[in-house]
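Engineer: Have a look at this one.
So, in structure tokens, the structure goes:
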């Protein structure tokens, strides 16, 4: 009898314990902007928005220790026909936003190489103006991709370097990767 009573009390207690009261604690407001502003993209003189940057062949010994860099190679994203260039919706500046994805090491902010190639090596992007690292995969405001003013003629050139970056003693092999980017208008 006592066992049945205890079982019934436990069952009743479990039924009431699973009920949870909810009340709103606050409001989240989202704000954004969709723009009609666009530019024509010419990646590294290729005439296309999709392009390849070829880094030089370097010795694994030049990347023997973590933090070593080699093969800095300039590239650019040239923008033309940015519209509008006047008025309240004028494009004043642009910068590249490098999208997060599976090719990005979120700890270093560098590009991970495709499997089967060199090891302990990543590809690092730098702003050309001050050689500061661009932290790929971070939030837009944290990436450090420098904005460039758009000329009154609607043109701007975003300039970068790509270089090998050692995460340890590098081994020889192919060093291929890719990243998606978006042009952000200011």
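In mature numbering (1 follows the signal peptide of the UniProt record, and there is no 0), the protein residues as written are -23 to -1, 1 to 163. The beta carbon of each residue, even a glycine, is placed where N, CA and C say it ideally should be.
#1: Per DSSP, what kind of secondary structure is residue 102 in: helix, strand or coil?
#2: Contact check, residue 71 vs residue 124 under 8 Å by CB: the rounded distance?
#3: What span of residues does the beta strand (DSSP E) with residue 134 cover, start to end?
#4: If contacts are defined as beta-carbon pairs under 8 Å, then residue 114 and residue 83 qualify, I think. What distance do you get, rounded to the angstrom?
#5: Roughly how many angstroms lie between the CA atoms of residue 36 and residue 51, to the nearest whole one?
#6: Extract the residue ranges of the beta strand (DSSP E) inside the region 52 to 90, only unbroken runs of 3 or more that lie entirely within it.
#7: Which of the three DSSP states is assigned to residue 41 in this structure?
#8: Residue 95 by DSSP, collapsed to three states: which one?
#9: Count the CB pairs spanning the region 85 to 92 and the region 16 to 31 that are closer than 8 Å, and state whether there are at least three.
#10: If residue 109 and residue 121 are in contact, beta carbons under 8 Å, what's the gap, nearest whole angstrom?
#11: With distances taken Cα to Cα, identify the nearest neighbour of residue 73 among 135, 48, 46 and 116.
Structural biologist: Concretely, from the data shown:
#1: strand
#2: 7 Å
#3: 133 to 148
#4: 5 Å
#5: 19 Å
#6: 70 to 75 and 87 to 89
#7: coil
#8: coil
#9: no
#10: 6 Å
#11: 135
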